[in-house]
Amino acid sequence: MSNTVLITGATGLVGKALAKKCLQNGFNVHYLTTRKSKIKLQENYKGFYWNPQLEIIDISCFEGVNIIINLAGSSIAQRWTKAYKSLILSSRKKALELLHLSIETHDFPVKHIISASAIGIYPDSKTRYYEEDFQGTDISFLRTVVRSWEGALKAFNALGVKTTALRIGIVLDKHEGALPKISGPIKGYIGSALGSGDQWQSWIHIDDLVRMFMFVLDSSLEGIFNAVAPNPVQQKDFVKSVANVLKRPIFFPKVPEFILNFALGEMSAIALESQRVSAQKIQDLGFEYDFHELDAALRDLL
Ligand SMILES: NC(=O)c1ccc[n+]([C@@H]2O[C@H](COP(=O)([O-])OP(=O)(O)OC[C@H]3O[C@@H](n4cnc5c(N)ncnc54)[C@H](OP(=O)(O)O)[C@@H]3O)[C@@H](O)[C@H]2O)c1
């Protein structure tokens with residue numbers, strides 16, 4: 003088997019770390035980007051242009067590729083206007099559909115596609131503990147997006163391609179994503195919990211997430227797996243832990259839900275929804291986390 007992996011969304015938070023790890027582990031990396039300025043043409047790291055909305059793809063990206071890692075999707079952390087909501091969904095669905103069409107049309111010998119998915123597939127609940135076999139019928143926006151994303155992934159099975167979905171939780175990284183947004187105000191003495199603070203947050207350290215992708219890739223593991231650390235925490239405790247690690251007091255009371263709804267609109271769901279998600283399935287298959295507890299992850303990152 004060739005050792006070239008094709009990554010979509012490789013210029014993002016997860017993609018950058020994952021591409022680096024693939025290179026360290028001896029893979030050549032081909033990546034698809036929607037931004038021509040991000041194309042690099044190095045010996046073992048080559049960029050190719052695509053635009054899934056317009057069904058444009060440079061199919062030379064498939065040369066020597068047996069494995070695809072799909073991370074593409076427009077950010078959910080931007081105001082959810084009607085048009086932007088449509089892009090959140092279509093950027094994910096059309097990316098997978100274009101890869102599917104390319105493989106089908108040219109009969110490329112891809113064996114395995116590993117795709118990002120999200121714990122947003124699980125309905126907001128303070129009491130449930132979600133395992134991968136949970137079947138929901140909730141039709142809220144995030145649930146609809148993730149179900150349709152996973153549906154587009156499943157379609158690869160008909161081409162004889164193995165599929166794996168990693169339902170990713172809140173990714174903790176030093177420079178990008180949720181953590182700097184939470185730690186910034188706390189560093190500036192203006193941090194506080196959001197809403198009731200009781201909502202569960204299922205997080206994962208970026209290094210563990212990258213190792214999990216490599217674990218799935220190396221073992222050709224198929225199926226759906228939650229990509230969260232084994233110990234989710236409630237939002238108020240998340241904020242407390244960050245404050246402890248940064249040695250800052252929390253002066254301010256919790257920000258009431260209605261203020262977040264007013265300031266962020268429907269997108270406040272990202273901060274207010276509660277998903278307590280199990281990491282058991284992938285652990286039972288031998289995956290070992292470096293960061294089980296939030297405090298250890300925060301001490302490493304902050
Ligand atoms: N970070 C998290 O906490 C988290 C949690 C759950 C799930 N996820 C999912 O995991 C994936 C990777 O997350 P991330 O944090 O690395 O995301 P990210 O930093 O926003 O990067 C996503 C990448 O997707 C590509 N992209 C953006 N808009 C696109 C479009 N319209 N069509 C095709 N590609 C587009 C971009 O690459 P180019 O500009 O190079 O095209 C971008 O770098 C995402 O799909 C995300 O939804 C992330």
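Going by our numbering, the sequence shown opens with residue 3, and the numbers climb by one from there. Where is the CB? At the ideal position from N, CA and C, for every residue including glycine. All of these numbers come straight from a predicted model, not from anything done at the bench.
- Taken through DSSP and simplified to helix, strand or coil, Gln236 comes out as strand.
- The three-state secondary structure of Val173, taken from DSSP, is strand.
- Membership of His32 in the beta strand (DSSP E) is indicated by the continuous run Asn30 to Thr35.
- Comparing C-alpha distances from Lys48 to each of Ala79, Leu8 and Val16 shows the shortest one belongs to Leu8.
- The stretch 189 to 199 and the stretch 240 to 253 touch, with three or more beta-carbon pairs separated by less than 8 Å.
- Contact check for Leu168 and His102: beta-carbon distance about 19 Å, past the 8 Å limit, so the pair fails to qualify.
- Remark: the shortest separation between the CB of Glu152 and any heavy atom of ligand 1 does not fall under 8 Å.
- Its chain contains Ile59, Ile61, Phe64 and Phe110 as the residues whose beta carbon lies nearer than 8 Å to that of Ser104, once the 5 sequence neighbours on both sides are disregarded; these appear in chain order.
- Taking Ile121 as the centre and dropping the five residues before and after it, the same chain places the C-beta of Arg169, Gly171, Ser204, Gln277 and Val279 closer than 6 Å to its C-beta, in chain order.
- Residue environment analysis places Arg81 among the exposed positions, since fewer than 16 neighbouring C-beta atoms fall within 10 angstroms of its C-beta.
- The three-state secondary structure of Tyr86, taken from DSSP, is helix.
- By the criterion of a C-beta distance shorter than 8 Å, Val235 is surrounded in its chain by Trp202, Gln203, Trp205, Ser243 and Leu296, once the five residues flanking it on both sides are discounted.
- Listed in chain order, the non-local C-beta contacts of Ser222 below 7 Å within the same chain comprise His114 and Lys164, local neighbours out to five positions each way being set aside.
- Under the Cβ criterion (8 Å, minimum of three pairs), the stretch 180 to 191 does not count as touching the stretch 25 to 37.
- A straight line joining the alpha-carbon of Ala245 with that of Leu303 spans about 13 Å.
- Here Ala154 really is in contact with Leu98; their C-beta atoms are around 4 Å apart, less than 8 Å.
- When rounded, the separation of the alpha-carbon atoms in Phe289 and Lys189 is 34 Å.
- In the DSSP annotation of this structure, the continuous segment of the beta strand (DSSP E) that includes Leu8 starts and ends at Thr6 to Thr10.
- Excluding its 5 nearest sequence neighbours in each direction, Val16 has C-beta neighbours in its own chain below 6 Å: Leu73, listed in chain order.
- For the 9 Å CB-CB criterion, Ile69 and Leu219 form a contact.
- Counting C-beta atoms within 10 angstroms of its own C-beta, Pro54 has 16 or more neighbours from the protein chains shown and is therefore classed as buried.
- Distance from the C-beta of Ala85 to the nearest heavy atom of ligand 1 is not below 8 Å.
- Ser39 and Trp151 have their C-alpha atoms spaced approximately 27 Å apart.
- Boundaries for Ala180: no beta strand (DSSP E) harbours it, while the alpha helix (DSSP H) harbouring it runs Ala180 to Lys189, taken from the DSSP string.
- Rounded to whole angstroms, Tyr124 and Lys176 show a C-alpha spacing of 26 Å.
- For ligand 1, a non-hydrogen atom lies closer than 8 Å to the CB of Pro54.
- In this structure, DSSP gives Thr166 an extended state, which the three-state scheme calls strand.
- The Cβ-Cβ distance between Glu275 and Leu144 falls below 9 Å.
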